[in-house]
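Take our numbering: the final residue in the sequence shown is number 227, and no numbers are missing along the way.
The beta carbon of each residue, even a glycine, is placed where N, CA and C say it ideally should be.
Please read all numbers here as calculations on a predicted model, not as lab measurements.
These notes concern the structure reproduced below.
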Amino acid sequence: MDRTETHDAELPKAEQTGSGQPDRGQDQAEPREGSRLYKEIVEWIKALAIAGLLVFVIRWFLFAPFIVDGPSMQPNFETGERLIVNKILYDFREPKRGEVVVFHVPEENRDFIKRVIGVPGDSVRLEGDDLYINGVKFEEPYIREAIERARAAGEPAFNLGDDFPNAIVQESTVPEGMILAFGDNRRNSKDSRMIGFVPLENVIGRADFVFWPIGKIGFIDHSAPVPAAE
């Protein structure tokens, strides 16, 4: 009888102790919370690293900003305007007539922005304000405004002379692997008439988007020259 009472008295003690280590769960809570914080920090570092890598790839391989400097592309582009240049497009195809491109000029050690006028195989001739491609007279809608404004003032739109005035571009047929590029403001543009044909490997990309100033935000028009109406 005494043994039974002793056994029953010990039962509450066993219930209190449970596994014998009642405080161990609390001791493990703090390390678990610290581990969660560590994992969150690691995930943030990974996310920032990936974002930085994406910015690097986009900046150097896909797109790049460009600041217009000078009057050569007026009236369509003004000094200080900021553009986005598509650097990957010409990895898949060659530039087309009318496209606004940015290219590097090693002799100048700087980048130019101009419009493609002739592509490989094109025979290009200028007679005053008139552009001829492969013997056909073409109109240039992207500079019609500049031409009309100059003519209204009683002055020639472009001070070009006959054909190409510079010896570098005596041959008017665009060679393979080259483009012919002019500024929209032909009276005040240093372009293929002075620097010669532009090698395709020097073309950085196509100017696709204006992001500054705010009032001019939008995609760039790449209208090609069109045959003049007879």
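Review point. Do the segment 207 to 220 and the segment 76 to 85 make contact, defined as three or more Cβ pairs closer than 8 Å?
Key: Yes, since at least three Cβ pairs between the segment 207 to 220 and the segment 76 to 85 fall closer than 8 Å, the two stretches touch.
Point to revise | Assigned exposure category for residue 222 - 16 Cβ within 10 Å defines buried | key: Buried.
Review point. Nearest to residue 116 by alpha carbon, out of 150, 88, 60, 176?
Key: That would be 176, whose Cα lies nearest to the Cα of residue 116.
Point to revise | Distance, residue 141 Cα to residue 149 Cα | key: When rounded, the distance between both Cα atoms is 12 Å.
Practice item. Have a look at 39, 119, 62 and flag the residue whose alpha-carbon is nearest the alpha-carbon of residue 208. Key: Selected option, being the one with the closest Cα: 62.
Exercise for review: Measure the beta-carbon distance from residue 133 to residue 224 and round it to whole angstroms, keeping in mind my assumption that it falls under 8 Å.
Suggested key: Confirmed, about 5 Å.
Review point. Is residue 175 helix, strand or coil when you go by DSSP?
Key: Residue 175: strand per DSSP, three-state reduction.
Practice item. Compute the Euclidean distance between the alpha carbons of residue 123 and residue 60, then round it to the nearest angstrom. Key: Those two C-alpha atoms are separated by around 34 Å.
Point to revise | Run of the alpha helix (DSSP H) containing residue 203, from where it starts to where it stops | key: Taken as a continuous stretch (DSSP letters only), residue 203 belongs to no alpha helix (DSSP H), being part of the beta strand (DSSP E) at 200 to 209.
**Study point:** Element boundaries [alpha helix (DSSP H), containing residue 112]
**Key:** First-last for residue 112: 107 to 115, but that is the beta strand (DSSP E), not the alpha helix (DSSP H).
Check your understanding: If you run the structure through DSSP and keep just helix, strand and coil, what is residue 222?
Key -> Reduced to three states, the DSSP call for residue 222 is coil.
**Study point:** DSSP beta-bridge partners of residue 127
**Key:** Answer is 124, bridged to residue 127.
Point to revise | Neighbourhood of residue 96 by C-beta, 6 Å cutoff - its chain only, sequence neighbours within 5 removed | key: Only 113, 203, 219 meet the Cβ criterion.
Check your understanding: Which residue's Cα is closest to the Cα of residue 212: 40, 131, 75, 42?
Key -> Minimum Cα distance to residue 212 is reached at 75.
Point to revise | Separation of residue 187 from residue 45, as counted between CA atoms | key: Each residue's Cα considered, the two are about 43 Å apart.
Check your understanding: From which residue to which residue does the alpha helix (DSSP H) around residue 79 run?
Key -> Here residue 79 belongs to no alpha helix (DSSP H); instead the beta strand (DSSP E) covers 79 to 83.
Check your understanding: From residue 69 to residue 180, what does the alpha carbon distance come to, in whole angstroms?
Key -> Cα-Cα distance, rounded: 5 Å.
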